[in-house]
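This report refers to the structure that appears directly beneath it.
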Amino acid sequence: AVLGDTLVVPPPRRRRLLLAAVERSPGDYRLLMTLGYLWMVESPGAAHEYERWFRAAVAVRPSSPLAHNYLGVSLLGRDPDAAIRAFRE
Numbered sequence: 049a050v051l052g053d054t055l056v057v058p059p060p061r062r063r064r065l066l067l068a069a070v071e072r073s074p075g076d077y078r079l080l081m082t083l084g085y086l087w088m089v090e091s092p093g094a095a096h097e098y099e100r101w102f103r104a105a106v107a108v109r110p111s112s113p114l115a116h117n118y119l120g121v122s123l124l125g126r127d128p129d130a131a132i133r134a135f136r137e
């Protein structure tokens, strides 16, 4: 997760590192959030991709306001009702 946050490592390399780490630890909240955030910042048009990672983070830690907030952001353009539900959570 730390390498995923490191700006010195190019985004494609960070994504590969995070994906490999998530394969080994699929329930790691920090990895899921970092991967979702990286997609959101580097590929803002790929909301379906970062929605996937934020949904996984919510599944792992349903009480996390941050995960619900980012899930809501990822849903805003495609499903405003679902976004509102995520924000309310």
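In terms of our numbering, the numbers along the sequence shown are unbroken and rise by one, the last being 137. Just so you know, even glycine gets a beta-carbon here, dropped at the ideal spot from N, CA and C.
Around the Cβ of residue i, are there at least 16 other Cβ atoms within 10 angstroms (buried) or fewer (exposed)?
i     : result
Arg62 : buried
Asn55 : Here the sequence assigns Leu to residue 55, which means Asn is not the residue at that position. That one is exposed.
Leu67 : exposed
Ala95 : buried
Which residues in the same chain have their Cβ closer than 6 angstroms to the Cβ of residue i, if we skip the five residues on either side of it in sequence?
i     : result
Glu99 : Ser122
Is the CB-CB distance between residue i and residue j below 9 angstroms?
i      : j      : result
Ala105 : Ser112 : yes
Arg103 : Leu83  : no
Val108 : Asp129 : no
Counting only the same chain and skipping the five closest in sequence on each side, list residues whose C-beta sits under 7 angstroms from that of residue i.
i      : result
Tyr134 : First, the amino acid is wrong: residue 134 is Ala here, not Tyr. Hits under 7 angstroms: His116, Leu119, Gly120 and Leu123.
Val89  : none
What's the gap between the Cα of residue i and the Cα of residue j?
i      : j      : result
Arg64  : Pro92  : 18 angstroms
Ser73  : Tyr85  : 18 angstroms
Pro59  : Glu97  : 15 angstroms
Ile132 : Leu114 : 14 angstroms
Give me, in chain order, the residues of the same chain whose beta-carbon lies closer than 8 angstroms to that of residue i; leave out the 5 immediate sequence neighbours on both sides.
i     : result
Val70 : Asp76, Leu79, Leu80 and Leu83
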